[in-house]
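In full-length UniProt numbering, the protein residues as written are 1 to 293.
Beneath this line is the structure, given in structure tokens, with notes to follow.
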Amino acid sequence: MFTRIPVASNYVLTLISLLIKVLDWGKLCVLYSKDTSNKSAYAALIENIKEFGLEILNAESLRGIPDNLNRTTIKHYTSSFQAVIDTQARVLVLLFMLPEIYYALEELYDLGLRKGDLVIFVTGPLFLTMTQYDFIYTCKLEETEVQMIAISGQSWVGKVGQFAYSKIESLYGAAPYQYACNYYDAAYYIAVALDYMINQGLDYYDPYQLNLTLRAQRFTGCTGKFSVDKDSNNRIMENFDISVNKIDVTSGNVTAYKAGEFHPYSSIMLTIDVPILYGDGSTIKPEELTRYE
Numbered sequence: 001m002f003t004r005i006p007v008a009s010n011y012v013l014t015l016i017s018l019l020i021k022v023l024d025w026g027k028l029c030v031l032y033s034k035d036t037s038n039k040s041a042y043a044a045l046i047e048n049i050k051e052f053g054l055e056i057l058n059a060e061s062l063r064g065i066p067d068n069l070n071r072t073t074i075k076h077y078t079s080s081f082q083a084v085i086d087t088q089a090r091v092l093v094l095l096f097m098l099p100e101i102y103y104a105l106e107e108l109y110d111l112g113l114r115k116g117d118l119v120i121f122v123t124g125p126l127f128l129t130m131t132q133y134d135f136i137y138t139c140k141l142e143e144t145e146v147q148m149i150a151i152s153g154q155s156w157v158g159k160v161g162q163f164a165y166s167k168i169e170s171l172y173g174a175a176p177y178q179y180a181c182n183y184y185d186a187a188y189y190i191a192v193a194l195d196y197m198i199n200q201g202l203d204y205y206d207p208y209q210l211n212l213t214l215r216a217q218r219f220t221g222c223t224g225k226f227s228v229d230k231d232s233n234n235r236i237m238e239n240f241d242i243s244v245n246k247i248d249v250t251s252g253n254v255t256a257y258k259a260g261e262f263h264p265y266s267s268i269m270l271t272i273d274v275p276i277l278y279g280d281g282s283t284i285k286p287e288e289l290t291r292y293e
């Protein structure tokens, strides 16, 4: 019956632009994968960048990189990564799927960038299991991930979120990834709509009636309050976490700590709870342009 129920959110792109503006940077670079999702995300980001008066320094023709690349084929697009370095920009937004974002990080490393050279913004936390990769590759990723600022929807929150988390953990014997929370809510969203239609005696085979019912649903899921915009397929998410990657002094591994929150519908939209630790280990905001030594 259902082939695809798209429930995406562009609020995270608004947040990236807003956060860059709040941190008093005006110039940045953008690289994105040309898959359907990230092309849409890039278009949304461009609109927000214009709204906040920010400037993208790398040429538009060099921002998009074909999708489904591997560690070898991504090197055919070295010019796009080199263009970022040539601008001397400190701020870079990466819009890539997994595992392509890892290949992008490795390419930046191979071109000479190290922690502290760039402040990289990504639209969600990275899930890197170090044992998956060879030692040299792992070291490259650890080096380039340190300065990342990740923006992601809050997950496994409230009674529903904690209940689902515990059940999934019990069933599979391991803690679920953050993105599984979004999948859970997407499926639950359909179930809630169908349950309502059955109870009301509505025809759920009627595309028009189903469309109206889906957009009328409001419920609390694993990501908090859940609803979909009436004029699009965009999920309206309430709360986002701002996390920053750093080196754990005990283990020596890359870990993420929560630095703040973004609430699109609150009178106080942006809250930074603790100082952001940048790649050089300092809380002092790097300049937006620099020459790499």
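Beta carbons: idealized from backbone N, C-alpha and C, even for Gly.
Next item on the list: Assess, as a yes-or-no matter, whether the segment 108-116 is touched by the segment 134-148 under the definition of 3 or more beta carbon pairs within less than 8 Å.
Entry: yes
Checklist line | Other residues of its chain near M197: CB distance less than 8 Å, five sequence neighbours each side excluded | finding: As a position in the sequence shown, residue 197 is number 197, starting the count at 1. The answer, listed in chain order, is D203, Y204, Q209, L210 and T213.
Next item on the list: Report all residues from its chain with a CB closer than 8 Å to the CB of Y42; omit the five preceding and five following residues, and keep chain order.
Entry: Position 42 of the sequence shown, counting from 1, holds the residue named residue 42. Here the set comprises V30, Y32, R63, G64 and L95.
Check: For the putative contact between L23 and K285, defined by C-beta atoms under 8 Å, what is the C-beta separation to the nearest angstrom?
Finding: As a working mapping, residue 23 is identified with position 23 in the sequence shown. As a working mapping, residue 285 is identified with position 285 in the sequence shown. Between K285 and L23 the Cβ distance is about 6 Å, and since that is below 8 Å, they are a contact.
Check: Tell me the DSSP bridge mates of K285?
Finding: Taking the first residue of the sequence shown as position 1, residue 285 is located at position 285. Answer is none; K285 lacks a bridge partner.
Next item on the list: State the Cα-Cα distance for the pair D185 and S17, rounded to the nearest angstrom.
Entry: For this step, residue 185 is matched to residue 185 along the sequence shown. For this step, residue 17 is matched to residue 17 along the sequence shown. Each residue's CA atom was taken as its position, placing D185 and S17 some 26 Å apart.
Note to self: Just list the residues that DSSP pairs N48 with in beta bridges.
What the structure shows: The sequence position of residue 48 within the sequence shown is 48, counting from 1. Looking at the DSSP assignment, N48 forms no beta bridge with any residue, so it has no partner.
Notebook entry, point to check: What are the partner residues of E55, as DSSP defines its beta bridges?
Noted result: Position 55 of the sequence shown, counting from 1, holds the residue named residue 55. Paired residue(s): K27.
Item checked: Boundaries of the alpha helix (DSSP H) in which G158 is found, first to last residue -> By 1-based counting over the sequence shown, the position of residue 158 is 158. Note, G158: alpha helix (DSSP H), G158 to Y172.
Check: In whole angstroms, what separates the C-alpha of D67 from that of Y172?
Finding: Within the sequence shown, the letter at position 67 stands for residue 67. Within the sequence shown, the letter at position 172 stands for residue 172. Distance between the alpha carbons of D67 and Y172: 31 Å.
Next item on the list: Taking all protein chains shown into account, decide if N245 is buried (16 or more other Cβ within 10 angstroms of its Cβ) or exposed.
Entry: Residue mapping note: residue 245 aligns to position 245 of the sequence shown, counting from 1. So N245 ends up on the buried side.
Next item on the list: Tell me whether S40 sits in a helix, a strand or coil according to DSSP, three-state version.
Entry: Reading the sequence shown from its first residue, position 40 is the one you call residue 40. Of the three classes helix, strand and coil, the one that applies to S40 here is helix, per DSSP.
Item checked: Cβ separation of V160 and T220, assumed to be a contact under 8 Å, to the nearest whole Å -> Looking up residue 160 in the sequence shown gives position 160. Looking up residue 220 in the sequence shown gives position 220. Confirmed, about 6 Å.
Margin query: Checking 7 Å against the spacing of the C-beta atoms, do L69 and E100 come in under that value?
Written below: For the purposes of this step, residue 69 is taken as residue 69 along the sequence shown, with counting starting at 1. For the purposes of this step, residue 100 is taken as residue 100 along the sequence shown, with counting starting at 1. Against a cut-off of 7 Å, the Cβ pair of E100 and L69 comes out as a contact.
Note to self: What does the alpha-carbon distance come out to for the pair G260 and T14?
What the structure shows: To locate residue 260, count along the sequence shown from 1; it is residue 260. To locate residue 14, count along the sequence shown from 1; it is residue 14. Their backbone Cα atoms lie some 16 Å apart in a straight line.
Next item on the list: Please list, in chain order, all residues of the same chain as E287 whose beta carbon is under 8 Å from its beta carbon, the five residues on each side excluded.
Entry: Counting from 1 along the sequence shown, the entry for residue 287 is found at position 287. Counting only Cβ-Cβ distances below 8 Å, and skipping sequence neighbours, we find R90.
Margin query: Nearest by alpha-carbon distance to R218: which of Y189, S243, Q200 and F240 is it?
Written below: Within the sequence shown, residue 218 is the residue found at index 218, counting from 1. For the residues Y189, S243, Q200 and F240, the minimum Cα distance to R218 belongs to Y189.
Item checked: Contact belief for V192 with I149 at Cβ below 8 Å, rounded distance in angstroms -> Translated into the one-based positions of the sequence shown, residue 192 becomes position 192. Translated into the one-based positions of the sequence shown, residue 149 becomes position 149. Wrong, their Cβ atoms sit about 34 Å apart, outside the cutoff.
Notebook entry, point to check: The alpha helix (DSSP H) with D185 in it runs from where to where?
Noted result: Along the sequence shown, read from residue 1 onward, the residue named residue 185 stands at position 185. Unbroken alpha helix (DSSP H) run through D185: Y179 to Q200.
Margin query: Output needed for L54: all residues of its chain with C-beta closer than 8 Å, excluding positions within five of it in sequence on either side, in chain order.
Written below: Residue numbering aside, residue 54 sits at position 54 when the sequence shown is read from its first letter. Once the five neighbours on either side are set aside, the close Cβ partners of L54 are S17, I20, K21, W25, G26, K27 and L28.
Margin query: Per the DSSP calculation, Y204 is bridged to which residue(s)?
Written below: To locate residue 204, count along the sequence shown from 1; it is residue 204. BP columns for Y204 are empty, so no partner.
Check: Using the rule of at least 16 other Cβ atoms within 10 Å of the residue's Cβ for burial, across every protein chain shown, is R4 buried or exposed?
Finding: In the sequence shown, the residue the question calls residue 4 occupies position 4. Confidence is the limiting factor: at R4 the pLDDT is only 37, short of 50, which leaves the residue's position unreliable and the question unanswerable from this model.
Item checked: Nearest-angstrom Cβ-Cβ length linking I74 and I151, presumed shorter than 8 Å -> The residue you call residue 74 lines up with position 74 of the sequence shown. The residue you call residue 151 lines up with position 151 of the sequence shown. Incorrect: roughly 24 Å between the Cβ atoms, too far for contact.
Next item on the list: Answer yes or no: does any C-beta atom of chain D fall closer than 7 Å to that of A59?
Entry: Looking for chain D here will not work: only one protein chain is present.
Check: Leaving out the 5 sequence neighbours to the left and right, which residues in its chain are closer than 7 Å to G224 when beta-carbon positions are compared?
Finding: As a first step, residue 224 must be located in the sequence shown, where it is residue number 224. Cβ neighbours of G224 beyond the five flanking positions: Q154, V157, G158, E238 and N239.
Next item on the list: Grab me the residues of S227's own chain with a C-beta within less than 6 Å of its C-beta, minus the 5 sequence neighbours each way, in chain order.
Entry: Numbered from its first residue, the sequence shown carries residue 227 at position 227. If we look at S227 and ignore the five residues flanking it on each side, its Cβ neighbours are R218 and I236.
Next item on the list: Express the C-alpha separation of T271 and H263 in angstroms, rounding to a whole number.
Entry: Here residue 263 is taken as the residue at index 263 of the sequence shown, counted from 1. Here residue 271 is taken as the residue at index 271 of the sequence shown, counted from 1. Their backbone Cα atoms lie some 8 Å apart in a straight line.
Item checked: Straight-line gap, K50 to A44 (C-alpha atoms, nearest Å) -> Residue mapping note: residue 50 aligns to position 50 of the sequence shown, counting from 1. Residue mapping note: residue 44 aligns to position 44 of the sequence shown, counting from 1. Looking at the two C-alpha atoms, the distance is approximately 10 Å.
Check: Can you list, in chain order, the residues of its chain whose CB lies under 8 Å from that of F81, leaving out five sequence neighbours each side?
Finding: If you number the sequence shown from 1, residue 81 lands on position 81. Taken in chain order, the residues that qualify are L31, A104, E107, L108 and L111.
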